[in-house]
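*Asks:* I am attaching a structure below and will ask some questions about it afterwards.
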Amino acid sequence: MTTGAQVLRTTPDDDLFVRMDRALGVPVINQIVWRLRTAPSAEELDRLAAALRRGALDRLLRRSRVPLARDRWTPAGGRSGRHLADPLPVPDDGLAAWMDAAASTRFDLTDGPVWELRSAVRAEVGGVVSLCSAHAVGDGAQVVGAVEAALRSIRDDIAPTSYLSDHRPSPIEDLRDGVGQAAVIGRGLAALATDTLRERRTASGPDVPAAVTARTSRVVPPDPATTDSATGRPAPMCVMSLPTVEWNAAATKAGGTGNALFMAMVVGILVAAGRATWTDTVRISIPMSTRSTDDPRANASVGLALDLPASAVRQHDLATVRRLAKEVFTRGTDAPSSFVRLQPLMQALGDRTVLALNRHATTPLALASNLGSLGPQFSGLGDPARADAVVTRSTTQSVDVQRLRDLRGGVAAWIDDAGATTTVSVIGLDPDALGRDILPGMVRDEFARWSLRPQQW
């Protein structure tokens, strides 16, 4: 622990994933998978795991018993995670199944572990490494930063920096935090009331068709053949990789950027799945990082709502997609949503109340998360020469088919550039429209619509 370590309270975003785990029984994990040209040694990965145990991911949750006072993070004391080496080689056509197996590891936010590093040799050539972690302890940027810090500490022989304190707040300190949160809740409710009045005053303008969301989207009839009710299996996934130069060329040809192409493809998959039509405007949730340098928060992002006309996607008009996305990113957090306004209040409620209030909750119809270009040291886990491709994703655990239907999700997708390779991972959250047997074909067809022929994992 470094000088200046602080008592770190959970943020509303942290609390969201804590409640997903503890109250709703739907734990969410992050997973990063490295496909490497040569396999790291067990000793290398043991050192990496040891460095991660001294860094930002080495944290456990302590629940507060004082009304309104927030939970806090404490150092895990080395109990946060471990490295496991699988004894059997993994064939390249079995990488996706291996990823799912690694993502099935259960985590415990209060007692640990909260992350696991897993490795195997590829049967053909090279190696594969997975890092799974509870989303509550870190968003994608936090995990990437923790790995980068661990690699630097190994290279420079220095200890990673931790900003967590093992100080146990006194009842007075917790009471003071609770009073502060009461003020935050009051300001949020007042702002919500102001927003509502403003919307009513401006509602007399011309009618604009509402964007399609999870709650208002078309419903695909249940597939009688969908009987996979195993609670520990991650949602269906499809991973595609291709040379970054080909990806960027396709985007440029259509008048946009790689990110615009990515978001357009998410809409295209939803239309192909029957959850939207080419005449709809589709709402996509886009995580935007609010993380600053040396930011100790586990989760530091905000979800932006981007409404994309599917007709522009159908016409390969990425200029329109890019323009609309730029407008949303420019506005950023200037106009917080009702959900954001209410998050501090939700954080103050007990688990049973949160469960009762969320019985009919839905997930976003579409999520598109872009981690951007990953550095060479990160992409090669300390050796840029062995970098091949990197997969990133978030996924739920312990969710059966009926629960997925009730949540009414559609597609969640992630993209990154590692080395000279762009990788897109797509999660199907609709077991009927985007089931295990359906999803890969729809993703391939959407790539083909843009004249792209990726390699499927």
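The UniProt record's numbering applies: residue 1 is where the sequence shown begins, and numbers increase by one. Built from N, CA and C at the ideal position, the CB exists for glycine as well.
#1: What are the boundary residues of the beta strand (DSSP E) that includes residue 32?
#2: I'd like the list of long-range same chain contacts for residue 278, defined as Cβ closer than 7 Å, with 5 residues on each side in sequence excluded.
#3: Output yes or no for whether 8 Å exceeds the beta carbon distance between residue 251 and residue 452.
#4: Which residues in the same chain as residue 139 place their Cβ atom closer than 6 Å to its Cβ, once the five residues preceding and following it in sequence are excluded?
#5: Among 109, 349, 120, 113, whose alpha-carbon lies nearest the alpha-carbon of residue 101?
#6: Give the range of the alpha helix (DSSP H) segment to which residue 196 is assigned.
#7: Between the beta-carbon of residue 436 and the beta-carbon of residue 236, is there less than 8 Å?
#8: Please name the residue in 103, 39, 117, 35 whose C-alpha comes closest to that of residue 46.
#9: Whole-angstrom Cβ separation of residue 243 and residue 166, contact assumed at under 8 Å?
#10: When you compare the segment 404 to 414 with the segment 28 to 48, are there three or more beta-carbon pairs, one atom per stretch, that lie closer than 8 Å?
#11: Considering only their Cβ atoms, is the gap separating residue 318 from residue 367 smaller than 8 Å?
#12: Measure from the alpha carbon of residue 172 to the alpha carbon of each residue in 194, 68, 417, then state which is nearest.
#13: Below 8 Å between beta carbons: does that hold for residue 425 and residue 393?
#14: Entirely within the segment 381 to 431 and at least 3 residues each: give me those beta strand (DSSP E) ranges in chain order.
#15: Are the segment 348 to 359 and the segment 19 to 39 touching by the rule of at least three beta carbon pairs closer than 8 Å?
#16: Does the segment 278 to 295 come within contact of the segment 254 to 268, defined as at least 3 CB pairs closer than 8 Å?
#17: For residue 291, which residues from the same chain have a beta carbon less than 6 Å from its beta carbon, with the 5 sequence-adjacent residues on both sides left out?
#18: Could you please give the first and the last residue of the uninterrupted alpha helix (DSSP H) stretch that includes residue 351?
#19: When DSSP labels each residue in this structure, what does residue 450 get in the three-state scheme?
*Replies:* This is what the structure holds:
#1: 28 to 36
#2: 271, 310, 311, 314
#3: no
#4: 299, 301
#5: 120
#6: 171 to 201
#7: yes
#8: 117
#9: Rounded to the nearest angstrom, the Cβ distance from residue 243 to residue 166 is 47 Å, too far for a contact under 8 Å.
#10: no
#11: No; because the gap between Cβ atoms is not below 8 Å, this pair is not in contact.
#12: 68
#13: Yes; because the gap between Cβ atoms is below 8 Å, this pair is in contact.
#14: 387 to 396, 411 to 418, 421 to 428
#15: Contact holds between the segment 348 to 359 and the segment 19 to 39, because three or more Cβ pairs, one in each stretch, are under 8 Å apart.
#16: yes
#17: 141, 300
#18: 351 to 357
#19: Look at residue 450 here: in three-state DSSP terms it is coil, with no helix or strand label.
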